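This report refers to the structure that appears directly beneath it.
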Amino acid sequence: MLVPHSMSGLHALYWAQQYPEEVSSIIGLDMAVPQSYESYRANMPLARLGAVAARLGITRWLPGASESDAIKYGTLSDEEKELYRTVFYRRTATKPMLAELQEVKASALKVAQGEMTQVPVLIFSSNGEGTGWKPEAWKEAQRSFAEEMPNREIVDVDSSHYIHDIQYDVIAETMKQYVEKTQASGMK
């Protein structure tokens, strides 16, 4: 079972295409789908500027830069929050991250051109805020993608993109029910 969030949804879908016998289902936490990137253009100059700022430590001086939804809404202890901030400041806008950003549209196209996975898919869909896309466009990409899937469900969650930090209780309970249902029905 793969549980991707955001851009890693593309990786999960690709893995399910390439190794379907290894994937029992995909539970997407506001995951990106190939349609999300159809008209996407990475702003690489801005991304590179962010990388330079991170390497120089400038991001440490930006108020709230590391205050993600995981810190604001999640269940992290104070020690875990401090660790989160440390990782954020040390590992933001790295070369691999920039390379992934530059290649994401090609990756999405590769997944879109591949054979549609037959594994069951459950998508928790946010209200679209905090994705970098227009909220309705983000949600519509997920809906459009799901319509093509044979074994799919979408659960609308009224929260921003980091739904697993905000609505973790709803997600945990729904995931538990979904796993029980798919196992009971004999789905992959």
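When we follow the working numbering, the leftmost residue of the sequence shown carries the number 65, and every step to the right adds one. For each residue, glycine too, the CB sits at the ideal point set by N, CA and C. In this text the structure is predicted, and so the values were computed from the model without any measurement.
Nearest by alpha-carbon distance to residue i: which of the options is it?
i, options, result
"SER132", "ASP222, HIS228, VAL183", "HIS228"
"SER171", "LYS198, SER89, TYR104", "TYR104"
"ALA96", "TYR78, LEU74, ALA117, ARG112", "LEU74"
"VAL215", "HIS225, LEU77, VAL183, PHE152", "Before going further, note that residue 215 is Asn rather than Val in the sequence given. Taking only the C-alpha atoms, the option nearest ASN215 is VAL183."
"TRP14", "GLU164, ALA111, TYR153", "Here the chain has residues from 65 to 252 only, and residue 14 is not among them."
"ASP94", "VAL243, ILE230, ALA248, SER249", "ILE230"
"ASP222", "LEU140, GLU193, PRO109", "GLU193"
"MET108", "ASP233, ALA236, THR158", "THR158"
Tell me whether residue i sits in a helix, a strand or coil according to DSSP, three-state version.
i, result
"SER208", "helix"
"HIS132", "Correcting the residue type first, residue 132 is Ser in the shown sequence and not His. SER132: coil per DSSP, three-state reduction."
"ARG216", "strand"
"VAL185", "strand"
"GLY92", "strand"
"LEU66", "strand"
"THR270", "Only positions 65 to 252 of the chain appear in this structure, which leaves residue 270 out of reach."
"GLN231", "coil"
"MET239", "helix"
"ARG105", "coil"
"GLU193", "coil"
"GLY114", "helix"
"MET14", "The chain is shown from 65 up to 252; residue 14 falls before or after that span and cannot be answered."
"TYR148", "helix"
"ALA78", "Looking at the sequence itself, residue 78 is Tyr, so the reference to Ala does not match. Here TYR78 sits in helix by DSSP."
Who are the near neighbours of residue i in its chain, counting only those whose CB is closer than 8 Å to its CB and skipping five residues on each side?
i, result
"PRO160", "none"
Given residue i, which residues of its chain have a CB within under 6 Å of its CB, disregarding the five upstream and five downstream residues?
i, result
"VAL67", "ILE91"
"GLN99", "ALA205, SER208, PHE209"
"LEU165", "ALA106, ALA111"
Does the beta-carbon of residue i have 16 or more other beta-carbons within 10 angstroms, so that it is buried, or is it exposed?
i, result
"GLN241", "exposed"
"TYR83", "exposed"
"GLY196", "exposed"
"VAL87", "buried"
"GLY121", "exposed"
"MET180", "exposed"
"SER249", "exposed"
"LEU77", "buried"
"VAL116", "exposed"
"LYS203", "buried"
"ALA80", "buried"
"VAL175", "buried"
Using C-beta distances below 7 Å, list every residue in its chain close to residue i, excluding the 5 sequence neighbours before and after it, in chain order.
i, result
"LEU140", "ALA134, TYR148"
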